[in-house]
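Student: Sequence lines, in order, name chains A and B. Quick note: the first sequence uses this note's numbering, first residue 1, plus one each step. Quick note: the second sequence uses this note's numbering, first residue 1001, plus one each step. Take this structure, written in structure tokens, and hold onto it; I'll ask about it next.
Number of protein chains: 2
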Amino acid sequence: MPVTIKDIAKAANVSRGTVDRALNDRGGVNPDVAARIKSIAADMGYKPNTIAKALATRSNPVRLGVILNSIGNPFWDKVIDGINSAYDNLSDFGISMEIRKMRGYDQERQLHELEHLKEKGIDGLVITPISTPKVRDALNELIRSGVQVVCCNLDIDDVAYQAYVGCDYFCSGQTAGAIIGMTTHGESNLGIITSSHGLYFHEMRVKGCTSVLKNYPNIHITDYAEAEDDEEVSYNEVKKMLLKNEKIDTLYFVTGGTTGGLRAIHDLHMEKRLRVFTFDQIPAVIENLKSGLVIATIDQQPFVQGATSVRMLFEAIMTKQIPTRRQVFTELNIKNRYNITG
Amino acid sequence: MPVTIKDIAKAANVSRGTVDRALNDRGGVNPDVAARIKSIAADMGYKPNTIAKALATRSNPVRLGVILNSIGNPFWDKVIDGINSAYDNLSDFGISMEIRKMRGYDQERQLHELEHLKEKGIDGLVITPISTPKVRDALNELIRSGVQVVCCNLDIDDVAYQAYVGCDYFCSGQTAGAIIGMTTHGESNLGIITSSHGLYFHEMRVKGCTSVLKNYPNIHITDYAEAEDDEEVSYNEVKKMLLKNEKIDTLYFVTGGTTGGLRAIHDLHMEKRLRVFTFDQIPAVIENLKSGLVIATIDQQPFVQGATSVRMLFEAIMTKQIPTRRQVFTELNIKNRYNITG
DNA sequence: ATGAAAGCGCTAACAT
DNA sequence: ATGTTAGCGCTTTCAT
């Protein structure tokens, strides 16, 4: 039988109210008494009952805020599914949640969304942080004011968040490199399409991939293109690359612009000539896995990322955890036409 | 603000007790009144609050039983981790759980474990059912007596269970076939190691694989061996197969006996000659992925299987769901040396 | 600073 | 057949 505050109250010869105040640092209790209560609670192995707490605090429930750079990028659909799924599971706890979606990587826009949620009042925040000093400072101030923060999919340095939930980008690059090496039998001329932002995580994916491809002397990186995270730009750049380099037989899409790039291949009727490797399971990728153009794609469990972010955030708020900057990496999985989970 | 039984009671002009009795079919309420209450509840969009219910029924908590054919097979370690993780998450709901582990596929032993749990009294059961008429009948009788059942990892026909949580075995075979075809560049002489039980799911894995390999005219299935789900038998059979067939350059372990088979390869010093494909991420597989002997393994998310089984079972019990024979397939994921999650 | 008591939504034992 | 009431473990308001 688990120990309750009632048990502690009896053991400490005080009332349940005092135990509650002491254990939750609500103030208004003699320091000596508080210390004694805490030590007794620890001795008895007290673990607060989350569901009872949730029932009791139902009148002013936990408020969650979410800010995602999701507009115009189909990758986020499943992250949002995960967020909503976790939210539904927690609905009995009486929580509320507001999702703010934005397009691209404009820090001013993100700061604006942050301000909006701050004014409405939130106890926790899930965010895909844009890694700039201004965003960093804003998040740290938010955290100082008592709001718990979980970063989803994108990491940011020097922010005292509770957790980063996302993939290991370097490792995802390695995984891609390995599958490229193995399935092309170590013979290929590779074109790499990246985003132009010099985004840290994109770079990691390229580095991870090339570090593995070093083991294959006959795989040559023939050309790079920058898609600027825009499908149209990607479409044009891929076209240009393929027309310029007749030798290219393999394409590696790091992220963003994959849909446009695949369209370019079809418009050039170069499906037969090319083997394509991508990330994630967005509709265009699934379609082309089925058609055989895309050989494999690396999945990073977007649903799990969304769901875990919300769950960890709620957990942190309920148990008053102190920020630990924990890295929670989701699995990286190779998908071919048979094991897609679109 | 969610609607509660109190709201319904007021709307129906009855007491909360009557609403509770009506909504939960506890009997002792006028059929007409019950129908009216139910209709009002539906109209108001009533959703029972699980955590309040759990708090109230804490004195006689939900009792879960688990029966796994896990002894001697490292695959199950992560299933059990998943089961325990879900159990921990539900601990605030005051549930109890007993895990019974057994070795191999002896139906008498399984029926015995079933009897044990039945005598102790359980509200729900997670089981890896041995697909025989006796087990089928025993499970159906259990279900008729009001116990919810979830099948984990193994499916069974004609049992009115709540859900099967596990992988799609045919699809896992296809996925393996595709990776074998792609990474061997369509050229190989294949040895297949299966279990001897003629187990349905093993057969599906072989069929799935060969159905895909039909697309590769130069991949030949040179030999089959039966490991009888025993590491020693597997060790000997693999040795025999490799010594007999000098041409074999690729091995496909369907399951059970992988550890012993890998050991045989090492003892024969044939690591250089062979490319191996396996299932799951058991220690021996991880080790040999790192060494390069195993090219890829197909993961079926054992942790998720365990956790989901328990969660779905609990959910079904709490909400009195009627058995639906739902198939919940976990993801199938290709793992190489870079994205293992051992 | 501490205690007492009401209440969160639901169940179950006891009255009527 | 229906109503009333006392909790489940915790928070919160009101007394003291």
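Even for Gly, the Cβ is constructed at its ideal location relative to N, Cα and C.
Kindly give me the distance between the Cβ atoms of B:Phe-1279 and B:Thr-1255, rounded to whole angstroms, as I take these residues to be in contact under 8 Å.
Tutor: Confirmed, about 5 Å.
Student: Going by the C-beta, is A:Gln-301 closer than 6 Å to any heavy atom of the ligand ZN?
Tutor: Because no ligand of any kind appears in the structure shown, any question about the ligand ZN cannot be addressed here.
Student: Have a look at B:Met-1289 and A:Asn-236 and give me their C-alpha separation to the nearest angstrom.
Tutor: Note on residue identity: the sequence assigns Leu, not Met, to residue 1289 of chain B. Looking at the two C-alpha atoms, the distance is approximately 40 Å.
Student: For B:Val-1003 and B:Tyr-1046, which I take to be in contact (beta-carbon distance under 8 Å), what is that distance rounded to the nearest angstrom?
Tutor: 5 Å between Cβ atoms; contact.
Student: Whole angstroms are fine: how far does the CA of B:Val-1310 sit from the CA of B:Gly-1028?
Tutor: In a straight line, the C-alpha of B:Gly-1028 is about 33 Å away from that of B:Val-1310.
Student: If you draw a straight line from the C-alpha of A:Asn-333 to the C-alpha of B:Asn-1339, how long is it?
Tutor: A:Asn-333 and B:Asn-1339: Cα-Cα distance of roughly 7 Å.
Student: Is the CB-CB distance between B:Ile-1143 and B:Val-1135 below 7 Å?
Tutor: Contact flag unset, no.
Student: Can you check DSSP and say which residues form a bridge with B:Glu-1098?
Tutor: Paired residues: B:Gly-1065.
Student: Have a look at A:Pro-74, A:Asp-7 and A:Asp-32 and flag the residue whose alpha-carbon is nearest the alpha-carbon of A:Asp-43.
Tutor: Comparing Cα positions, the closest option is A:Asp-7.
Student: Which one of B:Val-1328, B:Asp-1123, B:Gly-1065 and B:Asp-1157 has the shortest CA to CA distance from B:Ser-1145?
Tutor: Closest by alpha carbon: B:Asp-1123.
Student: Quick check: is the beta carbon of B:Met-1182 nearer than 7 Å to any beta carbon in chain A?
Tutor: Yes, because at least one Cβ of chain A sits closer than 7 Å to the Cβ of B:Met-1182.
Student: Going along chain B, which residues have a C-beta under 7 Å from A:Asp-92?
Tutor: Neighbours of A:Asp-92 on chain B, chain order: Asn-1049, Thr-1050 and Ile-1051.
Student: Could you pull out every residue in the same chain whose Cβ sits closer than 7 Å to the Cβ of B:Cys-1167, ignoring the five residues on either side in sequence?
Tutor: Cβ within range, chain order: Gln-1300, Phe-1329, Thr-1330 and Leu-1332.
Student: Is it a yes or a no for the region 1319-1327 of chain B touching the region 1066-1077 of chain B, going by three-plus beta-carbon pairs under 8 Å?
Tutor: Contact between the region 1319-1327 of chain B and the region 1066-1077 of chain B is absent, because fewer than three Cβ pairs lie under 8 Å.
Student: Counting contacts by CB-CB distance shorter than 7 Å, is B:Leu-1055 in contact with chain A?
Tutor: Chain A contact via Cβ: present.
Student: Check whether the Cβ of A:Thr-330 lies closer than 7 Å to any Cβ atom in chain B.
Tutor: No, its Cβ sits nowhere closer than 7 Å to a Cβ of chain B.
Student: Is it the case that the Cβ atoms of B:Asp-1223 and B:Gly-1191 are separated by a distance below 7 Å?
Tutor: In this structure, B:Gly-1191 lies closer than 7 Å to B:Asp-1223 by Cβ.
Student: In chain A, which residues lie less than 7 Å from B:His-1185 when you measure between Cβ atoms?
Tutor: Residues of chain A passing the Cβ test: His-185.
Student: Considering Cα atoms alone, identify which of B:Glu-1232, B:Gly-1261 and B:Gly-1082 is closest to B:Leu-1242.
Tutor: The residue with the shortest Cα to Cα distance from B:Leu-1242 is B:Gly-1261.
Student: Residues of chain A with a CB under 7 Å from the CB of B:Cys-1209: which are they?
Tutor: The premise fails here: B:Cys-1209 is roughly 10 Å from chain A at the closest Cβ pair, so nothing lies under 7 Å.
Student: Closest to B:Leu-1055 by CA distance: which of B:Phe-1093, B:Glu-1226 and B:Ala-1307 is it?
Tutor: That would be B:Phe-1093, whose Cα lies nearest to the Cα of B:Leu-1055.
Student: Measuring CA to CA, which of A:Ile-282, A:Met-270, A:Arg-63 and A:Lys-247 is closest to A:Lys-335?
Tutor: Cα-wise, what sits closest to A:Lys-335 is A:Ile-282.
Student: Note down the Cα distance separating B:Ser-1234 from B:Ile-1099, rounded to an integer number of angstroms.
Tutor: About 29 Å.
Student: Would you identify the three-state DSSP class for A:Arg-109, choosing helix, strand or coil?
Tutor: Of the three classes helix, strand and coil, the one that applies to A:Arg-109 here is helix, per DSSP.
Student: For A:Gln-395 and A:Ser-96, I'd like the C-alpha separation in whole angstroms.
Tutor: The structure shown does not extend to residue 395 of chain A, since chain A is modelled only from 1 through 342, so no value can be given for it.
Student: 7 Å is my cut-off, CB to CB: does A:Asn-339 come that close to chain B?
Tutor: Chain B contact via Cβ: present.
Student: Can you find a C-beta in chain B that's less than 7 Å from the C-beta of A:Thr-175?
Tutor: Yes, contact with chain B.
Student: For a quick check, are the C-beta atoms of A:Ile-298 and A:Ala-178 less than 7 Å apart?
Tutor: Result no, Cβ atoms of A:Ile-298 and A:Ala-178 do not sit closer than 7 Å.
Student: Would you report the Cα separation of A:Gly-186 and B:Ser-1195, rounded to the nearest angstrom?
Tutor: If I take the Cα positions, the gap works out to 34 Å.
Student: Please classify A:His-269 as buried or exposed, where buried requires at least 16 other C-beta atoms within 10 Å of its C-beta.
Tutor: Exposed is the call here.
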